[in-house]
Amino acid sequence: KIPINFILQLILKPPPFSSFRLSNMFGVASRRLIRSSALRASSLSRRNHFHSTAISIPRCNKEVTMGIMSMISRSQRRMMSTSAVVDDLVSILNREIESEAEANNDVMPEELAELKATIESDWRVVEQLDGSMTVKLFHKETGVGRAKISVELFCQEREDEDVGGDDDEEDFSDELAAGVRFDAIVTKAGRALVFNCYSVGTEARVEGVKIKSVDGLDSKDDTDIYEGPILEELEEDLQKALQQFVVCECGLDDNFVAFLSMYADYREQAEYMNWLKNVRSFVQ
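For what it's worth, our numbering labels the leading residue of the sequence shown as 4, then goes sequentially.
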């Protein structure tokens, strides 16, 4: 049993540590309150952050999605447009190829084949069928002083104006739509006399004369080579003498010049057909 006096003493005069415990109890409660408030604030902040992020993400995805869809749409339109352009080009190419084939423009005309057979009795014709528009012809007989004679025909270098022969010449006017350019070359002793010529009807005319070394005949760089005088500025008798030399020494008669003009036209038509087919093959 506890004495009554002891109980009264505890009530009237509590021990010193009770105030400490009381204050400590209040301190713990305060700290718990502060911690609870902090946790609630943190939780609220996280919820607000998550909420704002959840709102912005769909907006960002929508913009990216729209951009991608726009790029795909442009790409599809471009592909469709390109496909239509290619189909249209191929259709036109097919039309042109059929038109050329119906006209037999890639087949050597009978008149030209006969003339070619006549020419080949004196000349060897070297045809380069690799797309080259230069044809070389070599005379089978040598000229004065055992000189070798050859001709280089540039099939795509045509004269602009229509040309025709004289009335007393053999009539090739239907076939000779335009003149051609060619070089008549006489080589001897390591040097070459080069006549730059063009055709008027069935006549070969000289427009320039120069001397080159045989080794330099195939060179494309003639910038350091004297091109010779301007032929029209020479004395008239000298011009005529050079003209006669080309015709007589090189054998450039009417039949030969007519063959050059007709053959150049045929080769240009044949290569045009090949060009159409190559373009179609490339774009398909």
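The beta-carbon is built from N, C-alpha and C at its ideal position, and this holds for glycine as well.
Please work out which residues of its chain come closer than 6 Å, Cβ to Cβ, to residue i, disregarding the five sequence neighbours upstream and downstream, and give them in chain order.
i    : result
A195 : I188, K215, V217, L220
S153 : F141, I188
K139 : V129, E155
A150 : V189, K191
A106 : none
L237 : none
Evaluate residue i with the Cβ neighbour count: other Cβ atoms within 10 Å of its Cβ, from every protein chain shown; 16 or more gives buried, anything less gives exposed.
i    : result
W126 : buried
G182 : buried
C158 : buried
E239 : exposed
F285 : exposed
K124 : According to the sequence as given, residue 124 is Ser; it is not Lys. With fewer than 16 other Cβ atoms within 10 Å, it is exposed.
V89  : exposed
T205 : buried
Name the two residues that bound the continuous beta strand (DSSP E) containing residue i.
i    : result
Q159 : 151 to 161
L196 : 194 to 203
I188 : 183 to 191
I214 : 206 to 216
L140 : 137 to 142
V110 : Looking at the DSSP string, V110 is not in any beta strand (DSSP E), and its letter there is neither H nor E.
V147 : Element bounds for V147: n/a, residue is neither H nor E.
Select from the options the residue whose C-alpha is nearest the C-alpha of residue i.
i    : options                : result
A267 : S202, E210, D240       : S202
F185 : S94, L118, F259, Q287  : F259
G146 : E271, L96, D257, F248  : F248
G148 : Q287, A106, K191       : K191
I228 : V212, D240, E235       : V212
T121 : F262, V129, G193       : F262
N281 : S86, L92, V128         : L92
G134 : Q287, L255, A273       : A273
K143 : N277, M265, R270, G254 : G254
Q131 : R283, M276, R270, N108 : R270
T137 : L118, R161, A150       : R161
V197 : E252, K119, L237       : E252
W278 : E105, E99, E236, T85   : E99
Which residues in the same chain have their Cβ closer than 7 Å to the Cβ of residue i, if we skip the five residues on either side of it in sequence?
i    : result
E101 : none
G231 : G211, V212, K213
A207 : C200, V249, V250, L255, V260
G193 : S216, V217
Residue range of the alpha helix (DSSP H) that residue i falls in?
i    : result
S264 : 257 to 286
V249 : 239 to 253
K119 : 113 to 122
Closer than 8 Å, CB to CB, is residue i near chain B or not?
i   : result
I95 : Judged by its chain identifiers, the structure shown contains no chain B, having just a single protein chain.
Is residue i near the ligand SAM, judged by its Cβ being under 7 Å from some heavy atom?
i    : result
M136 : The ligand SAM is absent from the structure shown, which contains no ligands of any kind.
Apart from the five residues on each side of it in sequence, which residues of its chain come closer than 8 Å, Cβ to Cβ, to residue i?
i    : result
N304 : Because residue 304 is not part of the residues shown, which for the chain are 4 to 287, the question remains open.
L234 : V209, E210, G211, V212, Q242, L245
Q287 : V89, V93
N97  : R283
E117 : none
Exercise for review: Determine contact between the segment 232 to 246 and the segment 107 to 114, defined as no fewer than three beta-carbon pairs at a distance below 8 Å.
Suggested key: no
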